[in-house]
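Chemist:
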């Protein structure tokens with residue numbers, strides 16, 4: 030007669046788990062792995078709220094700067110032709126309505142958050158399965174959601190910085206070290222201490238939830254994160270190049 034590991038009930042919303050997942054991840058992920066149902070709603074709802082706050086604060090500061098005649102110029106502005114610069118300034122004036130300042134950025138931010146979470150979870154589950162992991166897509170969704178909470182800390186720090194500085198963040202992450210290369214800038218834009226924190230939590234979470242050795246969990250997580258990082262950088266570089274060509 031086989032004995033099955035008893036599953037613990039899952040709270041639909043468990044905000045008390047936010048601090049433990051950040052500072053006691055091994056114990057907390059062990060609890061998540063033992064739960065009967067998925068628990069991704071709490072971290073994803075929290076991240077959605079923080080992402081919305083970042084959009085509203087940055088939108089307010091951009092609108093205030095525009096009303097004072099201050100415009101945030103692209104990094105390679107000095108290399109643009111006079112016609113391109115003129116077209117850019119006209120486009121900036123045409124996009125100062127609340128729809129462009131708040132609504133569209135909010136929709137894009139939330140779509141990026143939720144779609145990115147689903148894609149990350151799916152790829153990590155696939156990678157874990159190929160490496161011999163015993164987890165499910167349900168557990169992958171929960172682990173990926175909870176492991177993303179370092180970005181909540183980043184959002185809160187960005188909000189505080191913007192309110193104190195009175196302007197939006199121009200070069201997020203390490204993008205200021207890119208030295209004019211758009212593709213490299215888009216990669217470094219995603220990389221900071223919170224990104225590293227997120228990767229560490231993913232490794233711990235998938236190691237515990239899927240029963241993977243730490244070395245296999247590390248290989249699987251790093252491979253998926255690198256693929257997504259390159260894909261995001263490529264899409265960002267293509268979008269930036271398209272915007273430059275349209276401005277010309």
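In our numbering, the protein residues as written are 30 to 277.
Using N, Cα and C, we set each Cβ at its ideal position, and we do this for glycine too.
If you're wondering where the values come from, they're calculated on a predicted model, not measured in any experiment.
Just the Cα atoms here: how many angstroms apart are residue 182 and residue 135?
Modeler: Between residue 182 and residue 135, the C-alpha separation is close to 19 Å.
Chemist: Pull up the distance between the alpha-carbon of residue 229 and that of residue 95, whole angstroms please.
Modeler: So the alpha carbons of these two residues sit roughly 40 Å apart.
Chemist: Residue 151 and residue 215: beta carbons closer than 8 Å?
Modeler: Going by C-beta atoms, residue 151 is not nearer than 8 Å to residue 215.
Chemist: Excluding sequence positions up to five away, which residues of its chain have a Cβ less than 6 Å from the Cβ of residue 43?
Modeler: Cβ within range, chain order: 71.
Chemist: Exposed or buried, residue 179, counting other C-beta atoms within 10 Å across all chains shown (16 or more means buried)?
Modeler: Its Cβ being crowded by 16 or more others within 10 Å, residue 179 is buried.
Chemist: Are three or more beta carbon pairs between the segment 48-64 and the segment 137-153 nearer than 8 Å?
Modeler: No, they do not touch.
Chemist: In its own chain, which residues sit with a C-beta less than 7 Å from the C-beta of residue 30, not counting the 5 before and 5 after it?
Modeler: Only weak support exists for where residue 30 lies, its pLDDT of 37 falling under 50; the coordinates are left without a value.
Chemist: What's the C-alpha gap between residue 66 and residue 59?
Modeler: Their Cα atoms are separated by approximately 14 Å.
Chemist: Which same chain residues end up closer than 6 Å to residue 162 when comparing Cβ atoms and leaving out the 5 residues on each side of it in sequence?
Modeler: So the qualifying residues of the chain are 239 and 241.
Chemist: In the structure shown, what three-state DSSP assignment does residue 154 receive?
Modeler: Correct three-state label for residue 154: helix.
Chemist: Below 7 Å CB to CB, which residues in the same chain sit around residue 262 once its five sequence neighbours on both sides are set aside?
Modeler: Counting only Cβ-Cβ distances below 7 Å, and skipping sequence neighbours, we find 212, 215 and 216.
Chemist: Residue 31 by DSSP, collapsed to three states: which one?
Modeler: Residue placement at residue 31 is poorly supported in this model, since its pLDDT is 38, which falls under 50; the coordinates still yield a value, given next. In this structure, residue 31 counts as coil in the three-state DSSP scheme.
Chemist: Between the alpha carbons of residue 69 and residue 168, how many angstroms are there, rounded?
Modeler: If I take the Cα positions, the gap works out to 9 Å.
Chemist: Please determine, among 210, 55, 164 and 176, the residue with the shortest C-alpha to C-alpha distance to residue 267.
Modeler: Checking every option, the nearest Cα to that of residue 267 belongs to 210.
Chemist: Return the CA-CA distance between residue 132 and residue 84, expressed in angstroms with no decimal places.
Modeler: Residue 132 and residue 84: Cα-Cα distance of roughly 9 Å.
Chemist: Considering Cα atoms alone, identify which of 226, 236 and 192 is closest to residue 157.
Modeler: Closest by alpha carbon: 236.
Chemist: What is the C-beta distance between residue 92 and residue 140, in whole angstroms, given that I count them as a contact (C-beta under 8 Å)?
Modeler: Wrong, their Cβ atoms sit about 22 Å apart, outside the cutoff.
Chemist: Can you tell me which of 233, 259 and 255 puts its alpha carbon nearest to the alpha carbon of residue 56?
Modeler: Per the Cα distances, 233.
Chemist: Please return the same chain residues whose Cβ sits closer than 6 Å to the Cβ of residue 175, not counting the five positions on each side in sequence.
Modeler: For residue 175, where only same-chain residues beyond five positions count, the Cβ hits under 6 Å are 50 and 72.
Chemist: Look at the alpha carbon of residue 121 and the alpha carbon of residue 160, and state the distance between them as a whole number of angstroms.
Modeler: Straight-line Cα distance between these residues: approximately 49 Å.
Chemist: Would you say residue 184 and residue 252 are within 8 Å of each other, going by their C-beta atoms?
Modeler: Contact flag unset, no.
Chemist: How long is the line joining the alpha carbons of residue 231 and residue 259, rounded to whole angstroms?
Modeler: Computed Cα separation, rounded: 18 Å.
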